[in-house]
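Inspection log for the structure reproduced underneath, given as structure tokens.
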Amino acid sequence: MTFTLSPSIAVTISVELSVNDSPTTQNYGQKTATTSDGCSWTVSLNRSNDQFHVGVTWGGNQSYYDGYQGYGHFLPYFCKYSYLHIVPRNEHGVSDEVTVNAQNLSSQTKVQASIDSRKVRYKDKYSFDIVLSSQAKLPKALVEDTVEPLDAITKNHEIMLILLRDIHSVDVCFVFESDKTCSNVGLWAHRSILSRYKGFESAIQTACKDMTSASEGMANLTVSDGKSSEPSTAEKGSDAFGALLVPVGKFTLATLCVLLRYIYTGVINLSAETNKHAISMTESTLVLQGITSRRKESVRWHPLGSESSWKFKDVTWEELLLASDFYEVTDLRCTCEKKVISAMSNSTVVETLFTIGCQFDKIKESALEYIVRNMATLFQKGKDPFAPYKDHPKCHEMFVELIHRKATAK
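For the sequence shown, my numbering assigns the number 27 to the initial residue and increments by one for each residue that follows.
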């Protein structure tokens with residue numbers, strides 16, 4: 027199922043719905059995803075008899091603040107979305123489009139539509155598009171172009187999910203030095219996929235050099251017979267089975283799981299699902315000497331089934347922002363910045379300013395503008411929201427800039 031907002035903002039949401047052969051059985055599925063503009067959407071499906079009932083709920087703010095431009099005003103986010111369309115697919119193209127009024131989305135009310143389940147049967151699945159638009163009737167060209175791309179998108183998404191958890195093809199292992207609860211855990215991935223991002227490429231190259239130096243150090247302790255050939259740089263940077271160990275010092279296992287899933291599939295899910303990743307465990311702390319002395323087959327792989335007892339707290343947008351910035355996943359970083367900005371409130375804006383704002387100019391600008399607009403509330407008599415940060419090295423600088431902005435505000 028493809029969920030489309032506009033030609034420039036789209037997201038594929040997969041809603042798993044188990045449908046029995048009995049037409050009288052009721053089935054329900056629900057999924058929440060985040061679009062590239064940082065807003066969350068929940069799509070629910072409910073089949074009753076021969077009818078599919080589709081619901082869409084917007085989970086963002088009622089107004090979207092354009093902090094990037096620093097305009098200091100709110101822009102109505104839903105002025106362009108008035109209709110919800112269900113566009114079914116079949117072997118001969120698409121037909122029988124269903125359209126309902128979607129203006130209630132702005133009040134975070136679920137918009138619902140129903141369609142005959144037989145009309146959305148496509149090959150071996152129920153398949154259709156949900157499209158939000160400003161027009162009561164979708165352009166013919168848009169409707170006709172939606173059949174094959176969905177197959178390609180769905181197939182590619184499924185392939186990347188398989189690759190993400192495939193223990194036979196992975197060749198790089200991340201270990202977590204700062205995450206004490208996961209010190210004996212390895213998260214595996216593919217160098218060829220991660221190397222598209224400069225941050226990951228740099229981390230991989232550094233790990234190669236470190237392993238090369240370690241190998242050379244061990245070689246100096248061995249008497250050579252003068253007949254051995256010099257290994258290549260790639261061979262030096264890998265262990266006996268071609269796996270490379272990359273230490274992760276700043277981020278948790280859960281954060282990197284969310285980041286890798288986005289890189290592989292384009293989906294942002296702040297809940298780290300370990301059953302979708304290639305994760306291994308060792309009997310003792312996973313360190314360089316330990317992993318390089320093992321064969322790949324001897325690594326104990328963590329169960330990937332749905333019954334897995336591994337549960338993590340949801341990753342925050344701030345945590346994901348720091349990770350995407352560090353590894354230079356720029357498209358995800360932009361989404362995280364917007365999400366952090368849209369989540370600002372009277373109770374969080376000052377903390378956001380002094381934590382994330384000191385590292386990201388766009389967030390700093392938006393936080394200062396927010397404080398200026400709400401200064402009367404934030405600085406009520408006897409209240410000083412800056413007090414907890416009086417020892418922060420940026421406290422004086424931030425306060426001076428805040429006063430300047432307030433003095434020059436129109």
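Quick reminder that beta carbons are idealized off the backbone N, C-alpha and C, glycines included.
Using the Cβ count rule (16 or more neighbours within 10 Å means buried), how would you classify residue i?
i      : result
THR496 : There is simply no residue 496 to check, as the chain begins at 27 and stops at 436 in what is shown.
GLU427 : exposed
SER306 : buried
TYR54  : exposed
ALA278 : According to the sequence shown, residue 278 is Thr rather than Ala. The residue in question, THR278, is buried, as its Cβ has 16 or more Cβ neighbours within 10 Å.
HIS422 : exposed
THR300 : buried
PRO114 : buried
ILE156 : buried
PHE425 : exposed
ALA233 : buried
ILE429 : exposed
ILE188 : exposed
Is residue j closer than 8 Å to residue i when the C-beta atoms are compared?
i      : j      : result
ILE230 : LEU270 : yes
GLY81  : GLN138 : yes
ALA304 : ILE193 : yes
LEU379 : ALA402 : no
ILE112 : PHE154 : yes
ILE294 : THR361 : yes
THR68  : GLN77  : no
ALA128 : LEU158 : yes
VAL146 : PHE200 : no
LYS276 : PHE338 : no
GLU391 : TYR223 : no
LEU286 : LEU346 : no
ARG73  : SER132 : no
GLY85  : SER66  : yes
VAL126 : ILE141 : no
How far does the alpha helix (DSSP H) with residue i in it extend, from its first residue to its last?
i      : result
MET307 : It is not in any alpha helix (DSSP H) - MET307 instead sits in the beta strand (DSSP E) that spans 304 to 307.
ALA139 : No alpha helix (DSSP H) contains ALA139, which is instead part of the beta strand (DSSP E) from 137 to 142.
ASP155 : Per DSSP, ASP155 belongs to no alpha helix (DSSP H); it is in the beta strand (DSSP E), 154 to 159.
VAL375 : 375 to 381
ALA433 : 421 to 434
ILE397 : 387 to 399
ALA349 : 343 to 352
LEU358 : 356 to 368
LEU220 : 217 to 220
Please return the same chain residues whose Cβ sits closer than 7 Å to the Cβ of residue i, not counting the five positions on each side in sequence.
i      : result
ASN400 : ASN372
TYR396 : MET370, VAL375
ASP197 : HIS216, ARG217, GLY268, ALA269, LEU270
GLN161 : TYR109
ILE389 : GLU363, VAL366, ILE367, THR378, ILE382, GLY383
Residue i lies in the beta strand (DSSP E); which residues open and close that run?
i      : result
VAL69  : 66 to 74
LEU270 : 270 to 274
VAL198 : 198 to 202
ILE289 : Taken as a continuous stretch (DSSP letters only), ILE289 belongs to no beta strand (DSSP E), being part of the alpha helix (DSSP H) at 279 to 291.
VAL113 : 109 to 114
PHE78  : 77 to 84
VAL124 : 124 to 127
Return no unless some Cβ of chain B is closer than 8 Å to the Cβ of residue i.
i      : result
SER140 : Note that chain B does not occur in the displayed structure, where there is just one protein chain.
For residue i, collect the residues of the same chain with a Cβ closer than 6 Å to its Cβ; drop the 5 residues on either side in sequence, then sort them by chain order.
i      : result
CYS283 : ALA298, HIS303
LEU358 : TYR288, SER350
TRP214 : VAL196, CYS199, ALA304
LYS420 : CYS384
TYR152 : VAL146
THR136 : What sits at residue 136 in the sequence shown is Lys, not Thr. Once the five neighbours on either side are set aside, the close Cβ partners of LYS136 are GLY81, THR83.
VAL341 : ALA280, THR281, VAL284, LEU296
Near residue i, what residues of its chain come up, given a Cβ to Cβ distance below 8 Å and the 5 sequence neighbours on each side ignored?
i      : result
ARG431 : LEU394, GLU395, VAL398
LEU404 : ASN372, VAL375, VAL376, ILE397, PRO411
GLU227 : LEU220, SER221
GLN134 : THR83, TRP84, GLY85, GLN88
Relative to the ligand ZN, is the shortest distance from any of its heavy atoms to the C-beta of residue i smaller than 7 Å?
i      : result
LEU286 : Within the structure as shown, the ligand ZN is missing, as the structure has no ligands at all.
Report yes or no: do three or more beta-carbon pairs, one from the segment 198 to 212 and one from the segment 180 to 189, lie closer than 8 Å?
no
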